[in-house]
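Trainee: Just dropping this structure here.
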Ligand code: GLA
């Protein structure tokens, strides 16, 4: 067991037909009965039935309560819970408990814990406290999964498998010697020869040429300026190393069970811990954990972005599953405020609107003890007399009322935003022209403008098929490979509209600058290019001739076939283009060289919609969210009023939550959701 674990990833299987774990839209949450005495379990299932719970994720952190010492297992309590749930008609999403190795294992093998970049080995006590390249961890984890899967794999209540928990959350990167060996092997597979690697990484700089594989280590240490190409490959390796653990567990499960296998992603806006787009084809259904951030004034829009991104990575294999969200305050933010009245239902149904066929929470019953003792739950500390409980029961009723929506798809979007974690990893790291820029704000800026106008937008990964989109937005996509660059280049040439923002296409997939002027990969199609970056200093703003101003980033842009739509009016860039547009046949290519203010983004977006003819789902004020789900012979219009005012929206049909007919408009009181089966 001294060899490291190789992160070699087989090609994903062809998508198989999926049997959804429950009828209708699944409802439930993480269930941790091991934290409670037996009497409580009976109350749990009674209240689950009252709330309409149909699916629970069981055993996520139960390794140590089952395998109490090396090879000694007590399944009795889990057997009992499985039968109790089954007897009450509640389906089980059974977890492999490999996120949290038991204390006896961490004590016997402290070397399984991950090592941080500065060499510090994580002590026991956290979660995901294991290194994916560690063969000892792998051995014990798979041994336990084998026992678990052979025991419950054919149980009729087990309808889904939940591998580990948020893989990469807590052990996103490990820099130990085994990880170093794993990284070298991964690099050998990728490059074949050291010569190729030296060229790809540009190791001539600072004399860092590698003469043997053994000289290569992960980007350890605190000097903050590792080779950017090495850095990016280490991120990719780390994602694959974690994926290989998922795949190893999945392989064991599938020998004992036909139930679908997944794991819970952490998809939001910005760069993610691993490259979920490459993981998604290895899951039977993509599942997400999503938590809104209390201090985000547009948290509903961020939620919508995450939902659209889930749809983007589950292309052709929809629906997806919301594996976790919260009924109220989480406990890991700075100031963990409760949700506002009605927000639980709005959040849950917003995920359903965007393609989720199940909404689950962390967790069923609030924990009295342990690190998460102040985290909200479906059944909070204050019990059934709480507002949360009332809203949880109400949501269960609403999900039953819209059960017929299950299995339909979100209607095809005509707009897409391209995201790639490699770009996010590269942008947030190293000696960049502006070291404070992150992947996320610019993605959300364009999505927000479309969301405010009730325009559906897919958030798609780098290998997505872009053919069907009339508008493709490419925000701060720093790193781009030739294939994606060519597919984006084709968008305006076939009559679509392409919008590219600053920093996109500056580097190739090796993270090497594309020479000839920025944005290298798109210069030609944009008919505009920049030769110098002018990041603005703290507090500094540059003004534009549309009356707005920008902070953080500006560029000296030159026209080469495009026309200036907006120009800079201050500083040494005054008179130069800030936003450009090039007519390409019937299509158009836009370049945006700075992070525009929301009102300026809105103005550009209005022009993009006018020139592409993309229609709004409904005409409503910002803050009213509208998405349509469609089936073979039916359609459902989801309307969510996130504002404090009443609005009416054009809709004709049967409103399913109130059971009333509406025509020609439906009224949305403040904070409400309406789901209209359209006529
Ligand atoms: C994550 C984890 C859960 C729980 C929640 C709390 O999503 O998967 O186990 O810790 O966070 O918000």
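Numbering (the numbering used here), first residue to last: 98 to 776. For each residue, glycine too, the CB sits at the ideal point set by N, CA and C. This one's a predicted model, so the numbers in the text were calculated from it and none came from an experiment.
According to DSSP, what are the bridge partners of residue 189?
Mentor: Position 92 of the chain shown, counted from the first residue, corresponds to residue 189. According to DSSP, which records beta bridges pairwise, residue 189 is partnered with 153, 255.
Trainee: Between the segment 350–368 and the segment 271–290, can you find at least three pairs of beta-carbon atoms closer than 8 Å?
Mentor: The segment 271–290 vs the segment 350–368: no contact.
Trainee: Here's the rule I'm using: 16 or more other beta-carbon atoms within 10 Å means buried, otherwise exposed. How should residue 114 be labelled?
Mentor: Position 17 of the chain shown holds residue 114. Answer is exposed; the Cβ neighbour count stays below 16.
Trainee: Taking 7 Å as the cut-off, does the CB of residue 643 come closer than this to any heavy atom belonging to the ligand GLA?
Mentor: One-based indexing of the chain shown puts residue 643 at position 546. No, since every heavy atom of the ligand GLA falls outside the 7 Å radius drawn around the Cβ of residue 643.
Trainee: Hey, quick one: how far does the beta strand (DSSP E) through residue 674 stretch, first residue to last?
Mentor: Against the chain shown, residue 674 aligns to sequence position 577. Residues 674–681.
Trainee: Between residue 580 and residue 598, what straight-line distance do the alpha-carbon atoms span, to the nearest angstrom?
Mentor: Along the chain shown, one-based indexing puts residue 580 at 483. Along the chain shown, one-based indexing puts residue 598 at 501. In a straight line, the C-alpha of residue 580 is about 19 Å away from that of residue 598.
Trainee: Can you look up residue 421 in the DSSP assignment and give me helix, strand or coil?
Mentor: Residue 421 sits at position 324 when you count from the first residue of the chain shown. Three-state result, residue 421: strand.
Trainee: I'd like to know if residue 201 contacts chain D, where contact means its C-beta is closer than 8 Å to some C-beta of that chain.
Mentor: The structure shown contains no chain D; it is built from a single protein chain.
Trainee: Write down every uninterrupted run of the beta strand (DSSP E) in the segment 510–598 whose length is 3 residues or greater and which is fully enclosed by it, in chain order.
Mentor: 512–515, 554–557, 568–571, 594–598
Trainee: Who are the near neighbours of residue 710 in its chain, counting only those whose CB is closer than 8 Å to its CB and skipping five residues on each side?
Mentor: For this step, residue 710 is matched to residue 613 along the chain shown. Here the set comprises 567.
Trainee: Whole angstroms is fine: what's the gap from residue 139's alpha carbon to residue 181's?
Mentor: For the purposes of this step, residue 139 is identified with residue 42 of the chain shown, where counting begins at 1. For the purposes of this step, residue 181 is identified with residue 84 of the chain shown, where counting begins at 1. Approximately 8 Å between the Cα atoms of the pair.
Trainee: So is the beta-carbon of residue 459 under 7 Å away from any non-hydrogen atom of the ligand GLA?
Mentor: The residue given as residue 459 occupies position 362 in the chain shown. Correct: residue 459 has its Cβ closer than 7 Å to the ligand GLA.
Trainee: Please name the residue in 368, 495, 639 whose C-alpha comes closest to that of residue 265.
Mentor: Here residue 265 refers to the residue found at position 168 of the chain shown. When each option's Cα is compared against that of residue 265, the closest is 368.
Trainee: Under 8 Å by Cβ, that's how I've got residue 397 and residue 722 pegged, so tell me the actual separation to the nearest angstrom.
Mentor: Position 300 of the chain shown, counted from the start, is the residue given in the question as residue 397. Position 625 of the chain shown, counted from the start, is the residue given in the question as residue 722. About 7 Å; that satisfies the 8 Å criterion.
Trainee: So residue 382 packs on residue 229, CB below 8 Å; how close in whole Å?
Mentor: Here residue 382 is taken as the residue at index 285 of the chain shown, counted from 1. Here residue 229 is taken as the residue at index 132 of the chain shown, counted from 1. With a Cβ gap of about 23 Å, residue 382 and residue 229 do not count as contacting.
Trainee: Going by beta carbon distance, what residues of the same chain come within less than 6 Å of residue 676, once the five residues before and after it are set aside?
Mentor: Along the chain shown, read from residue 1 onward, the residue named residue 676 stands at position 579. Around residue 676: 662, 663, 689.
Trainee: What beta strand (DSSP E) runs, 3 residues minimum, are completely inside the segment 728–773?
Mentor: 732–738, 744–747, 750–752, 757–759, 762–765
Trainee: Residue 735 to residue 656, Cα distance in whole Å?
Mentor: As a working mapping, residue 735 is identified with position 638 in the chain shown. As a working mapping, residue 656 is identified with position 559 in the chain shown. Using only the alpha carbons, I get a separation of about 43 Å.
Trainee: How big is the Cα-Cα spacing for residue 558 and residue 513?
Mentor: For the purposes of this step, residue 558 is taken as residue 461 along the chain shown, with counting starting at 1. For the purposes of this step, residue 513 is taken as residue 416 along the chain shown, with counting starting at 1. Taking the straight line from one Cα to the other gives about 10 Å.
Trainee: What residues in its chain sit with their C-beta under 6 Å from that of residue 269, if we drop five residues either side in the sequence?
Mentor: Your numbering for residue 269 matches position 172 in the chain shown. 370.
Trainee: Thinking residue 123 and residue 259 are a contact (beta carbons under 8 Å), I'd like their distance in whole angstroms, please.
Mentor: Working through the chain shown from its first residue, we reach residue 123 at position 26. Working through the chain shown from its first residue, we reach residue 259 at position 162. Actually they are not in contact, since the Cβ atoms of residue 123 and residue 259 sit about 13 Å apart, beyond 8 Å.
Trainee: Are the CB atoms of residue 189 and residue 179 within a distance shorter than 8 Å?
Mentor: Taking the chain shown and counting its residues from 1, one reaches residue 179 at position 82. Taking the chain shown and counting its residues from 1, one reaches residue 189 at position 92. Yes. Within cutoff.
Trainee: Taking only three categories from DSSP, how would you classify residue 626?
Mentor: Mapped onto the chain shown, residue 626 falls at position 529. Here residue 626 sits in strand by DSSP.
Trainee: Can the beta-carbon of residue 745 be found less than 8 Å from the beta-carbon of residue 763?
Mentor: Position 648 of the chain shown holds residue 745. Position 666 of the chain shown holds residue 763. Result yes, Cβ atoms of residue 745 and residue 763 sit closer than 8 Å.
Trainee: Does the ligand GLA have even one heavy atom less than 7 Å from the beta-carbon of residue 427?
Mentor: Here residue 427 refers to the residue found at position 330 of the chain shown. At least one heavy atom of the ligand GLA is nearer than 7 Å to the Cβ of residue 427, so yes.
Trainee: Using a threshold of 8 Å, state whether the C-beta atoms of residue 553 and residue 749 are closer than that.
Mentor: Along the chain shown, read from residue 1 onward, the residue named residue 553 stands at position 456. Along the chain shown, read from residue 1 onward, the residue named residue 749 stands at position 652. No; because the gap between Cβ atoms is not below 8 Å, this pair is not in contact.
Trainee: Report buried or exposed for residue 249, applying the criterion of at least 16 other Cβ atoms within 10 angstroms of its Cβ.
Mentor: As a first step, residue 249 is located in the chain shown; it is residue number 152 there, counting from the start. By the neighbour-count rule (16 or more Cβ atoms within 10 Å), residue 249 is buried.
Trainee: Please state the DSSP three-state secondary structure of residue 608.
Mentor: Here residue 608 refers to the residue found at position 511 of the chain shown. Coil.
Trainee: Give the straight-line distance between the Cα atoms of residue 362 and residue 658, rounded to the nearest whole angstrom.
Mentor: Counted from its first residue, the chain shown places residue 362 at position 265. Counted from its first residue, the chain shown places residue 658 at position 561. Using only the alpha carbons, I get a separation of about 43 Å.
Trainee: Report the residue ranges of all beta strand (DSSP E) runs contained in full by the segment 363–420; include only those spanning at least 3 residues, in chain order.
Mentor: 384–386
Trainee: Could you tell me if residue 245 is buried or exposed, where buried requires 16 or more neighbouring beta carbons within 10 angstroms of its beta carbon?
Mentor: Against the chain shown, residue 245 aligns to sequence position 148. With 16 or more Cβ atoms within 10 Å of its Cβ, residue 245 is classed as buried.
Trainee: If the criterion is Cβ atoms closer than 8 Å, does the pair residue 499 and residue 142 meet it?
Mentor: To locate residue 499, count along the chain shown from 1; it is residue 402. To locate residue 142, count along the chain shown from 1; it is residue 45. It is not a contact, given that the beta carbons lie outside the stated cut-off.
Trainee: In whole angstroms, what separates the C-alpha of residue 377 from that of residue 556?
Mentor: Counted from its first residue, the chain shown places residue 377 at position 280. Counted from its first residue, the chain shown places residue 556 at position 459. Looking at the two C-alpha atoms, the distance is approximately 14 Å.
Trainee: What's the gap between the Cα of residue 305 and the Cα of residue 324?
Mentor: Position 208 of the chain shown, counted from the start, is the residue given in the question as residue 305. Position 227 of the chain shown, counted from the start, is the residue given in the question as residue 324. If I take the Cα positions, the gap works out to 9 Å.
Trainee: Is residue 116 helix, strand or coil by DSSP?
Mentor: Here the question's residue 116 lines up with position 19 in the chain shown. It is coil, neither helix nor strand.
Trainee: Apply the 10 Å Cβ neighbour rule to residue 610 and answer buried if 16 or more other Cβ atoms are within range, or exposed otherwise.
Mentor: Taking the chain shown and counting its residues from 1, one reaches residue 610 at position 513. So residue 610 ends up on the exposed side.
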